[in-house]
Amino acid sequence: MPLSRDQVRHVALLARLGLEQGDEDFYAEQLSGILRHIDRLQELNTDAIPPTAQVVEVAATLREDVPRPCLTQEEALANAPAAVDGFFRVPSIQEEA
Amino acid sequence: MTLDPTHLTISELRHMLDERELSAQELLGLHLERIEAADADVKAFLRLTTARAAEQAQAADRALRDGTAGPLAGIPMAVKDVLCVKGVETTAGSQILKGFKPPYTGTAVQRIFDAGAVMLGVTNCDEFAMGSSTENSGYFPTHNPWSLDRVPGGSSGGSAAAVAAGEATFSLGTDTGGSIRQPAALCGVIGMKPTYGRVSRYGLIAFASSLDQIGPFTRSVEDCALILQTMAGHDPLDSTCADRPNNVARGLHDGVERIRLGVPREYFEVKGMESGVRLAIQKALNTLEAAGAELVDVSLPHTDYGLAAYYIIAPAECSSNLARFDGVRYGMSEQDAQNITEAYMKTRRKGFGAEVRRRVMLGTYALSSGYYDAYYLKAQKVRTLIKQDFDDAFANCDAIVSATSPTVAFPIGSRTQDPLSMYLCDVLTLGGNLAGLPGISVPCGMSDGLPVGLQVLAPQWREDITLRVARAYELAADMRVEVALVD
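Quick mapping for you: the protein sequence lines, in order, are chains Y and R.
Numbering-wise (the working numbering), the first sequence opens with residue 1 and increments by one.
Numbering-wise (the working numbering), the second sequence opens with residue 1 and increments by one.
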């Protein structure tokens, strides 16, 4: 199933991926090509087949909820592009009232 | 000294270190010289960690004198750029993480350090481990030491090339669809992907969490078993890392007498299989048969659907894992934006390369409302069928043998315009990831002057069989991993 340019714009927004000039055609063409190959999955009847999300059987393990040392605030912020007063700094998420 | 230490295996070097024929610091010096001579052409390393290496080598020499040396004391090694090492810039081959210095060291690497190894530096890879040629690195491509105009394979191409070029005695990589085994094959070294859950993924920058595993590149099967044994075992910091006996080296030297090796016919008929590769594999199978193994025909009927299932599951998981790269907590950040959504979009467009963006888009699409059942759920069901194929095959054999890659190393630039042709590189390896199996690639001769790899797959948790068959081949074929003489 080929991807339309509208779909590309929608998916790019979902993925928080900016689009530059030429990107819409690039993705529409390349993703459509890959999806043509992937569509062969529809040849298989899988109605009675359970899905596999986790391939190795690992019992869910729980541990005691005991406090232990973790990163300091300084260490946690050491890689931050912008920090202020011990917090990560981001552009505004709300319009000013 | 008649043998060049940069060509030797861990066990050979360990003997020399124990006998005081050379010190860890001298060994480090020889490797730094080798890197200086070869890496301008090979470009296996993104960054060297020379100061740390000097400290680790000094500590190893002390431990060797005191009699407290760990099994890897003084052995020079390299780490793929997706494994976090505290204080060492780690970027997953991506511009978006440029400058990132992890605040902690991952479990697998820490265990290697605790055993006394000396870290030389960080090796190049495809961005976020997505690729089969290391051409998708956000920095520069790595070159195959056997033929500098060809790719080393990928995504762990730098780690494979470093061992092949005599720059490191062993290295660490990660394998999501073949990213250890395929570059090992293309560079003529040994590479192994363990059972999913054998090695902790704590400190591994995640690509596809249900498929990723950390594993070694080495010059002998014995070395491979040693590194795997050192890294393996339960880790409370990774809930998928199993609490099971660490017995990977059991019976390593027991040979293949009466071992049944399954030969899957579908793996010999894949698109693009080169006749030179087929010939080398046939010869390797004859060698194993002569050593006492029994060859049996097996079938993996859903082979043709593996690539399609993989290219839904891996991108879906990657689109979710890579959501964390938002320009807020680490890495590149485009702050010139009206609001935070625009800041995310600008940062991610600029920071991710073309292949990563392609997969994030594909994965997001496959998980999006209205398409989930047709793509993601369908792919997970086909994953069940592929796992069943292997279960059925292993009912009739102890291990499965095939080529690792349908082709030898290809010229740089020859596949970058056609993503599907690049994805086909992994057609013989990704089944092992979908089914969670251990797999090894061992050099088995040359085709057109370039290395060919033999793949051995075994049932989950049976690394011992994989290694035992590989060791038997190594012995029967008198195989020794050669170092490519780049100069």
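Every residue gets a Cβ at the ideal spot worked out from N, C-alpha and C, and that includes glycine.
*Roughly how many whole angstroms lie between the Cα atoms of residue 5(Y) and residue 358(R)?*
15 Å
*chain R contact for residue 32(Y) (CB, 8 Å cutoff)*: no
*Report all residues from its chain with a CB closer than 7 Å to the CB of residue 327(R); omit the five preceding and five following residues, and keep chain order.*
333, 334, 343, 344, 347
_Quick check: is the beta carbon of residue 314(R) nearer than 8 Å to any beta carbon in chain Y?_
no
*When Cβ atoms are compared, which residues of the segment 182-209 of chain R fall closer than 8 Å to chain Y?*
195, 196, 197
_Mapping the DSSP letters down to three states, classify residue 141(R) as helix, strand or coil._
coil
_residue 21(Y) versus residue 115(R): straight-line alpha-carbon distance, rounded_ = 51 Å
*Determine the contact status of residue 81(R) and residue 46(R), defining contact as a CB-CB distance below 8 Å.*
yes
*So, using beta-carbon positions, are residue 158(R) and residue 133(R) closer together than 8 Å?*
no
*Of the residues 288(R), 340(R), 310(R), 186(R), which one's Cα is nearest the Cα of residue 449(R)?*
186(R)
*Please list, in chain order, all residues of the same chain as residue 139(R) whose beta carbon is under 7 Å from its beta carbon, the five residues on each side excluded.*
46, 93, 124
*Return the CA-CA distance between residue 1(R) and residue 482(R), expressed in angstroms with no decimal places.*
Below a pLDDT of 50, predicted positions are generally treated as unreliable, and residue 1(R), at 44, falls in that range; no measurement from the model is reported.
*Between the beta-carbon of residue 314(R) and the beta-carbon of residue 211(R), is there less than 8 Å?*
yes
*residue 10(R): buried (16+ other C-beta within 10 angstroms of its C-beta) or exposed?*
buried
*Would you list, in chain order, the members of the segment 387-402 of chain R that have their beta-carbon closer than 7 Å to a beta-carbon of chain Y?*
387
*What's the call for residue 177(R), buried or exposed, on a 16-neighbour Cβ count within 10 Å?*
buried
*Please state if the CB of residue 120(R) and the CB of residue 78(R) are separated by a distance shorter than 8 Å.*
yes
_Three-state secondary structure (DSSP) of residue 1(R)_ = Note that residue 1(R) scores a pLDDT of 44, beneath 50, so its modelled location is shaky; the value from the coordinates is reported in the next line. If DSSP states are grouped into helix, strand and coil, residue 1(R) belongs with coil.
*residue 466(R): first and last residue of the uninterrupted alpha helix (DSSP H) it sits in*: 463-476
*Partner residues on chain R for residue 40(Y), Cβ-Cβ distance less than 8 Å*: 304, 305, 308
_I need the straight-line Cα distance from residue 490(R) to residue 24(Y), nearest angstrom please._
Outside the shown range of chain R (1 to 487) lies residue 490(R), about which nothing can therefore be said.
*Got a sec: which bits of the segment 51-63 of chain Y sit with their beta carbon under 8 Å from any beta carbon on chain R, in order along the chain?*
51, 52, 53, 54, 55, 56, 58, 60, 61, 63
_I want to see whether chain R comes within less than 8 Å of residue 80(Y), judged by CB atoms only; does it?_
yes
*Reducing DSSP to helix, strand and coil, say where residue 94(Y) ends up.*
coil
*Specify, as a first and last residue, the run of the beta strand (DSSP E) that residue 421(R) falls within.*
Note, residue 421(R): premise wrong, no beta strand (DSSP E); alpha helix (DSSP H) at 419-423.
*Classify residue 236(R) as helix, strand or coil using the three-state DSSP reduction.*
coil
_By the 7 Å beta-carbon criterion, what residues does the segment 17-31 of chain Y contribute toward chain A?_
Absent from the structure: chain A. Protein chains present are Y and R.
*Within the 8 Å Cβ cut-off, does residue 4(Y) reach chain R?*
no
*Measure the Cβ-Cβ separation of residue 192(R) and residue 241(R) and say whether it is below 8 Å.*
no
*Segments assigned alpha helix (DSSP H), at least 4 residues, entirely inside the segment 299-371 of chain R*: 303-321, 340-351, 354-367
_Please report the distance separating the alpha-carbon of residue 167(R) from that of residue 37(R)._
9 Å
*Could you give the distance in angstroms between the alpha-carbon of residue 199(R) and the alpha-carbon of residue 310(R)?*
22 Å
*Going along the segment 84-104 of chain R in order, which residues come within less than 7 Å of chain Y, judged by CB to CB distance?*
100, 101, 103
*What did DSSP end up calling residue 20(Y) once you bin it into helix, strand or coil?*
coil
*So is residue 62(Y) buried or exposed if we call it buried at 16+ other beta carbons inside 10 Å?*
exposed
_chain Y contacts from the segment 316-346 of chain R (Cβ-Cβ distance under 8 Å)_ = 319, 323, 326, 327, 328, 329, 330, 331, 332, 333, 335, 337, 338, 339, 340, 341, 342, 343, 344, 345, 346
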